[in-house]
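Notes for the one structure printed next.
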Amino acid sequence: MKTGYLTHSDYDLHITPDGHPEQVDRLNVINERLSKLDFNDLEKILSPMGTYDQVTLCHPREYVDYIKNSCPPVGSVSLDGDTHVNSGSFNAAMRAVGSICEAVDLVVNRKLQNAFCASRPPGHHAEKAKPMGFCLFGTIAIAAKYAMKTHGLSRVAIIDFDVHHGNGTQNLVWDDPNIMFVSSQQIPLWPGTGERHETGAFNNIINYPLNPDVDGQDLIEAYKKEILPKIAEFEPEMLFISAGFDAHVNDPLANLNFTTNDFKILTKLLCKFADTYCKGRVVSTLEGGYDLPSLRECVDAHVKVLMEHAK
11 MKTGYLTHSD
21 YDLHITPDGH
31 PEQVDRLNVI
41 NERLSKLDFN
51 DLEKILSPMG
61 TYDQVTLCHP
71 REYVDYIKNS
81 CPPVGSVSLD
91 GDTHVNSGSF
101 NAAMRAVGSI
111 CEAVDLVVNR
121 KLQNAFCASR
131 PPGHHAEKAK
141 PMGFCLFGTI
151 AIAAKYAMKT
161 HGLSRVAIID
171 FDVHHGNGTQ
181 NLVWDDPNIM
191 FVSSQQIPLW
201 PGTGERHETG
211 AFNNIINYPL
221 NPDVDGQDLI
231 EAYKKEILPK
241 IAEFEPEMLF
251 ISAGFDAHVN
261 DPLANLNFTT
271 NDFKILTKLL
281 CKFADTYCKG
291 RVVSTLEGGY
301 DLPSLRECVD
311 AHVKVLMEHA
321 K
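Residues 11 to 321 in the numbering used here are what the sequence shown spells out, letter by letter.
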């Protein structure tokens, strides 16, 4: 089986203001890199449009309609200080949902071993009825619930190594005993959540705060000694990765010192875990990462590890 790579040109139509860090160029550099010869074995798939049945696994219908109706026919509208929408934003966000749910279908049905979704806007800051931090819908939480509802999986785990805490994902899975959420993040840093005492209604959440200026070795050791053993006790049947690469030393939005190789090692640890406990089932989706050269390098390393573990 192969690694799937899901993306779509509709993501280009979600336009953010000049100077905004979450720009269409993020996907341009990823798509350019993953079109090279060393990625020929990727199964390239156009992201399908998501459905209301999918997105309402996490969000009220009224909220989905609010996002749709907030998108102006011309120009852009600010939903908060960071989150902007234009005429293409709703379709892009819905296609991001459809993309990751399609990846779930293909991986669970053994058409793919694993998958990476290069989509935007990102999703891990969107709460149940609140857009935040560039995000409109909680894409990865939707996919986790979709995997259980549609395919009958009993337990799944979401791993988030974006430098900013996945407050939206945490909000959406807080009271779900069948979803484990593991998030590592710089603290102090926006959005100001993600302390160790935030453990979920069923002790199903693990937050691992990172002090400014640390490198990736701290987190790598924590995964080996502390985090992966706890995930193993949970016995997930599938792993989801919120793949944010803004902990990189060159990223402008934070103050951690991760290298591309740190992300490579983390991905290897997660894929090896999935091989042992989850039949190799991994679905990853892009979150943050705003220094374009570093983002290109990190996605290159991340996807190559996924490909190495495809059987």
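Ideal Cβ positions, reconstructed from N, Cα and C, are used throughout, including at glycine.
| field | Three-state class that DSSP yields for residue 212 in the structure shown | value | Counting from 1 along the sequence shown, the entry for residue 212 is found at position 202. Three-state DSSP puts residue 212 in coil, outside helix and strand.
| Is residue 233 buried or exposed, if buried means 16 or more other CB atoms sit within 10 Å of its CB? | For the purposes of this step, residue 233 is taken as residue 223 along the sequence shown, with counting starting at 1. The residue is buried, with at least 16 neighbouring Cβ atoms inside 10 Å.
| field | Burial state of residue 220, where buried means 16 or more other Cβ atoms lie within 10 Å | value | For the purposes of this step, residue 220 is taken as residue 210 along the sequence shown, with counting starting at 1. By the 16-neighbour rule on beta-carbons within 10 angstroms, residue 220 is buried.
| query | Quick one: what's got a C-beta closer than 8 Å to residue 205's C-beta in the same chain, skipping five residues either side? | reply | Locating residue 205 in the sequence shown gives position 195, where the first residue counts as 1. Counting only Cβ-Cβ distances below 8 Å, and skipping sequence neighbours, we find 197, 217 and 219.
| If you follow the beta strand (DSSP E) that residue 191 is part of, which residue opens it and which one closes it? | In the sequence shown, residue 191 corresponds to position 181, counting from 1. For residue 191, the enclosing beta strand (DSSP E) has its first and last residue at 189-196.
| By how many angstroms is the C-alpha of residue 179 removed from the C-alpha of residue 137? | Locating residue 137 in the sequence shown gives position 127, where the first residue counts as 1. Locating residue 179 in the sequence shown gives position 169, where the first residue counts as 1. C-alpha separation (whole angstroms): 7 Å.
| said: Ignoring anything shorter than 4 residues, give me the alpha helix (DSSP H) runs that lie fully in the segment 70-146, in order along the chain. | reply: Listed in chain order, the complete alpha helix (DSSP H) runs (minimum 4 residues) inside the segment 70-146 are 71-80 and 99-118.
| request: Please state whether DSSP places residue 219 in a helix, a strand or coil. | output: For this step, residue 219 is matched to residue 209 along the sequence shown. Secondary structure of residue 219 (DSSP, three-state): strand.
| request: Below 6 Å CB to CB, which residues in the same chain sit around residue 58 once its five sequence neighbours on both sides are set aside? | output: As a first step, residue 58 must be located in the sequence shown, where it is residue number 48. Excluding positions up to five away in sequence, the list reads 108 and 112.
| query | Counting pairs of Cβ atoms below 8 Å between the segment 249-257 and the segment 156-174, do you hit three or more? | reply | Cβ pair count under 8 Å is three or more, so yes.
| With a cut-off of 8 Å, do at least 3 Cβ pairs link the segment 139-157 to the segment 37-47? | Result no; under three Cβ-Cβ pairs closer than 8 Å.
| request: Within the same chain, show all residues whose beta-carbon is closer than 8 Å to that of residue 302, passing over the 5 residues directly before and after it, in chain order. | output: On the sequence shown, residue 302 is found 292 positions in, with the first residue counted as 1. Correct list, in chain order: 35, 36 and 39.
| said: Extract the residue ranges of the beta strand (DSSP E) inside the segment 224-258, only unbroken runs of 3 or more that lie entirely within it. | reply: Segments of the beta strand (DSSP E) lying fully in the segment 224-258: 249-253.
| task | Using only alpha-carbon positions, find the residue among 160, 29 and 271 that is nearest to residue 230. | result | Position 220 of the sequence shown, counting from 1, holds the residue named residue 230. Nearest of 160, 29 and 271 to residue 230, Cα basis: 271.
| How would you label residue 88, buried or exposed, when you count the other beta carbons within 10 angstroms and need 16 or more for buried? | Against the sequence shown, residue 88 aligns to sequence position 78. The residue is exposed, with fewer than 16 neighbouring Cβ atoms inside 10 Å.
| Nearest-angstrom Cα distance between residue 97 and residue 81? | Within the sequence shown, the letter at position 87 stands for residue 97. Within the sequence shown, the letter at position 71 stands for residue 81. About 5 Å.
| request: Flag this pair as touching only if the segment 120-140 and the segment 176-190 have three or more C-beta atom pairs under 8 Å; answer yes or no. | output: The answer is yes - the segment 176-190 touches the segment 120-140, with three or more Cβ pairs under 8 Å.
| task | Mind listing, in chain order, the continuous beta strand (DSSP E) runs of no fewer than 3 residues lying wholly within the segment 22-66? | result | Secondary structure in the segment 22-66: the beta strand (DSSP E) runs of 3 residues or longer, each lying completely within the stretch, are 53-56 in chain order.
| query | When the distance is taken between beta carbons, is residue 117 closer than 7 Å to residue 125? | reply | If you number the sequence shown from 1, residue 125 lands on position 115. If you number the sequence shown from 1, residue 117 lands on position 107. For residue 125 and residue 117, yes; Cβs fall inside 7 Å.
| query | Helix, strand or coil for residue 269 per DSSP? | reply | Residue 269 sits at position 259 when you count from the first residue of the sequence shown. Residue 269 carries a coil assignment under DSSP once its states are collapsed to helix, strand and coil.
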